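Below is one structure, written out as C-alpha cells; comments come after it.
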Amino acid sequence: MNVQLLVFAVLAVTSVATALAMIFARNAVHGVLFMVGNFAAVALLYVLLGSPFLAAVQILVYAGAIMVLFLFVVMLMGPEPAPLWEHIPGQRPFALLFGLLLAAGLIVAVNVEKLTGVPGMMTQEVLERLGQPTALAQTLFERYVLPFEVTSLLLLIGMIGAVVLAKREKHELPAEQASREGGTE
Amino acid sequence: MNMSTADVVEIVVKSLVIILALLTGFAYMTWFERRVIARLQSRVGPNRVGPSGLLQPLADGVKLMFKEDIVPAEADKVLYLLAPLVTVVSAIMAFAIVPVGPSVTLFGRTVALHLADMNIALLYFLGLGSLGVYGVVLAGWASNNKYALLGGLRASAQMISYELAMGLAVLSVVMLAGSLSLVDIVNAQAGGRWFILLQPVAFLIFLVTMIAETKRAPFDLPEAEQELVAGFHTEYSGMKFALFFMGEYIAMIAISGVAVSLFLGGWRGPFAEQVPILGVLYFFVKLVAFLFFFVWLRATLPRLRYDRLMHLGWKVLLPLSLANVVVTAIAVVARDTGFFGLG
C-alpha cells in the first residue's frame with residue numbers, strides 16, 4: 000500500500016465531505032467552518048502534488064484571511080438558519096449544465112495522455128521544480144510581470160472603491176437625521 | 000517520499016520532544032511570569048509549593064483538572080469544545096519550523112535539531128497564526144455571550160490588522176536572506192551578522208506585532224476586564240479555560256523562537272558549530288530574553304485604548320513596514336548589481 004495514495008484517499012474524502020457539508024449546513028457559521036476545512040484539505044492536496052507554496056498561500060489567503068472576514072459577517076447576522084428557497088429562480092438547470100461541463104473538462108484533462116498519446120508536460124519533476132517559491136517568483140515577476148501589475152492595480156481600484164462607498168454613506172445622512180435615527184434605537 | 004523506518008521514528012521522536020518541551024515550557028512560563036511580575040511589583044509571588052514555588056504549576060494543573068466543567072446551556076457545544084483545541088494546536092504546530100541548534104550525531108545518525116525545514120516555513124508560520132484567530136472567534140461566538148462575542152470580534156480584528164505589518168517585517172528579512180526557510184535564514188546570519196543589525200526597523204515592527212498577535216499586554220484588548228469581563232473566554236472554566244492559557248503561552252514561546260531565528264541569529268554564537276549543545280543553550284538564553292521582555296511589558300505598560308490600537312496598526316506600523324520593504328528592496332538590488340559601490 001502506497002503511503003501517498005493513502006494520504007490522497009483520506010484528503011479526497013475529506014475535501015468532498017466538507018464541501019457537501021458546507022452546502023447542506025443549515026447554520027451559516029458551521030457552513031463557513033466546513034469551507035475552511037475544505038480549504039485545508041485542498042491545501043494538503045497541493046503539498047502532495049509538490050507545490051508547497053500554493054498550499055501555504057491557500058491557507059494564508061483563503062482559510063486565514065478571507066474566511067475570517069466571512070465569519071465576521073456571518074456571526075453578526077444572528078442565529079436564524081438560512082432560508083431554503085432560491086434567491087435567483089431557474090439556476091438549477093444551469094448549475095447542472097455547468098457542473099457536467101466541468102466534469103467533462105476534468106475527465107479529458109486528466110486522461111490527456113491516454114486520449115492523444117502525447118504525454119502532458121507536467122511531469123513529477125517539472126511540478127516539483129515549479130512548485131518552489133523561487134521558480135514561481137521568477138515566472139510571476141519576469142514572464143508575467145505586466146499581468147501581475149495590472150491585477151494589483153485592479154485590486155487597488157476595488158479597495159479605493161470600497162473606501163469611497165463607505166465614506167459616502169456617512170455624508171448622505173444629515174447630522175440631525177442621523178442623531179434622530181440613533182435616538183430611536 | 001522515500002522514508003525509511005528510522006526517518007519516521009526520528010520525526011515521531013522529535014515531534015514528541017517538541018510537544019513535551021512546549022507543554023513543560025507553558026507550565027513553567029506561568030510560574031516565571033508570576034515570580035517576575037511579583038518581583039517587579041515588590042511582592043513575593045508563589046513560593047509555597049515546592050522550593051521557590053517550583054511545583055506551583057503542578058498544583059494549578061491538578062486544581063484545574065478537578066474544577067467543574069461548565070458548558071452554557073445555549074452554547075454551540077461542538078464549537079465550544081473545538082475552539083480551545085484550535086488555539087493550542089495551531090500554537091504547537093508553529094514551533095515545528097524553528098531550528099533550536101545545529102545538526103548533532105545521535106546513535107550514529109545525523110539529526111537536525113528542527114522538525115521541518117521547508118522552503119515555505121515562514122508562510123507556514125504566518126498561516127498558522129491566521130488559523131489561530133479561529134480559536135478566539137469561535138470561542139466568542141460559541142459561548143453565546145455578548146461579552147465573549149465582542150471579545151472574540153476584537154481579538155480577530157486586532158490579529159488581522161497586525162498580521163499585515165508582521166508579514167511585511169518578515170518579508171524584509173526574507174529579502175536579505177533570499178529564502179523563506181528559517182534554517183537558511185539562521186545560516187545567513189553566520190559570523191555574527193545578525194539581522195537585527197541590518198534590519199532594526201523590521202525588528203522593532205516584529206516586536207510590536209508579536210505582542211499584538213499573542214494578545215499580550217499592552218495589547219490585551221480582547222480580554223479587557225473593565226469592558227468585557229474576560230473577553231472571549233468569559234464562559235470557559237476548568238481545563239478548557241487552561242487550554243486558552245496554554246495556547247497563549249505556547250504561542251509566545253513559538254513566536255519568540257521565530258523572532259530569535261529571524262533577528263538574533265537563532266542558535267548561532269561563539270563555538271556553537273563545534274559544540275552543538277552550546278547552540279541549544281544560546282537559543283534557550285535568547286528565547287528566555289524574549290519571554291522576559293513579554294512579562295516585563297505586562298508589568299510596566301497600561302493597556303492601549305481600542306481606537307489607538309487600530310491607529311497604531313494601520314496608520315503607523317503598516318506604512319512604516321511598507322517603507323522598510325521598499326528601502327530593503329532597493330538596497331538588495333544595489334548589493335546584487337554593485338550599484339552605489341555596495342556589495
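Protein sequences, first through last, are from chains Z and A. Position one of the first sequence corresponds to residue 0 (numbering that gives the first Met the number 0), numbered consecutively onward. Position one of the second sequence corresponds to residue 0 (numbering that gives the first Met the number 0), numbered consecutively onward. Even glycine gets a Cβ: it sits at the ideal position worked out from N, Cα and C. Source: prediction; values computed, not measured.
Neighbourhood of residue i by C-beta distance below 7 Å, restricted to the same chain and skipping five residues each side
i, result
"L48 of chain Z", "L126"
"M74 of chain Z", "V28"
"V99 of chain A", "L112, H113, W266, V279 and F282"
"M245 of chain A", "F25 and V87"
"V6 of chain Z", "L47"
"L21 of chain A", "I91, F94, I249 and I252"
"V117 of chain Z", "none"
"A20 of chain Z", "F33"
"L148 of chain A", "G139 and W140"
"E272 of chain A", "P101"
Alpha-carbon spacing of residue i relative to residue j, whole angstroms
i, j, result
"L105 of chain Z", "V132 of chain A", "35 Å"
"R128 of chain Z", "T109 of chain A", "27 Å"
"G166 of chain A", "Y248 of chain A", "21 Å"
"K314 of chain A", "M158 of chain A", "15 Å"
"A126 of chain A", "G139 of chain A", "Reading the sequence as shown, one finds Gly at residue 126 of chain A and not Ala. Each residue's Cα considered, the two are about 21 Å apart."
"P101 of chain A", "P275 of chain A", "6 Å"
"F270 of chain A", "V72 of chain Z", "54 Å"
"T29 of chain A", "I329 of chain A", "44 Å"
"V324 of chain A", "Q188 of chain A", "19 Å"
"S14 of chain A", "A216 of chain A", "30 Å"
"I252 of chain A", "Y61 of chain Z", "26 Å"
"T327 of chain A", "M174 of chain A", "7 Å"
"V207 of chain A", "L145 of chain Z", "35 Å"
"L81 of chain A", "V332 of chain A", "47 Å"
"T213 of chain A", "S151 of chain Z", "31 Å"
"M158 of chain Z", "L164 of chain Z", "10 Å"
"E9 of chain A", "D68 of chain A", "37 Å"
"I156 of chain Z", "A288 of chain A", "44 Å"
"G268 of chain A", "G191 of chain A", "7 Å"
"S51 of chain A", "D116 of chain A", "39 Å"
"G200 of chain A", "L308 of chain A", "Reading off the sequence, residue 200 of chain A comes out as Val, not Gly. Roughly 19 Å separates the two Cα atoms."
"L346 of chain A", "L317 of chain A", "One cannot answer for residue 346 of chain A here, as it falls past the ends of chain A, which runs 0 to 342."
"P132 of chain Z", "N118 of chain A", "7 Å"
"K62 of chain A", "R47 of chain A", "15 Å"
Where residue i sits in the DSSP three-state scheme
i, result
"A229 of chain A", "coil"
"Q346 of chain A", "The displayed coordinates of chain A run from 0 to 342. Any statement about residue 346 of chain A would go beyond what the structure contains."
"D68 of chain A", "coil"
"L4 of chain Z", "helix"
"S160 of chain A", "helix"
"Y27 of chain A", "helix"
"Q57 of chain Z", "helix"
"T115 of chain Z", "helix"
"F218 of chain A", "coil"
"Y343 of chain A", "Chain A is shown from 0 up to 342; residue 343 of chain A falls before or after that span and cannot be answered."
"V257 of chain A", "helix"
"E73 of chain A", "coil"
"N46 of chain A", "coil"
"Y143 of chain Z", "coil"
"T122 of chain Z", "coil"
"G344 of chain A", "Missing from the structure shown is residue 344 of chain A; chain A here goes from 0 to 342 and no further."
Residues bridged to residue i [DSSP beta-bridge criterion]
i, result
"T104 of chain A", "A:T109"
Cut-off 6 Å between Cβ atoms - residues of its own chain near residue i, not counting five sequence neighbours on either side
i, result
"F202 of chain A", "I195 and F262"
"L43 of chain Z", "L10"
Beta-carbon contacts of residue i that lie in its chain and below 8 Å, excluding the five residues immediately before and after
i, result
"E138 of chain Z", "It should be noted that the sequence gives Thr, not Glu, for residue 138 of chain Z. The residues are L129."
Give me the subset of the stretch 71–105 of chain A whose CB atoms are less than 8 Å from a CB atom of chain Z, sorted by chain position. Within the stretch 71–105 of chain A, the residues whose Cβ lies closer than 8 Å to some Cβ of chain Z are D75 and L78, listed in chain order.
Residues within the stretch 179–201 of chain A neighbouring chain Z, beta-carbon criterion of under 9 Å: Flagged, chain order: L179.
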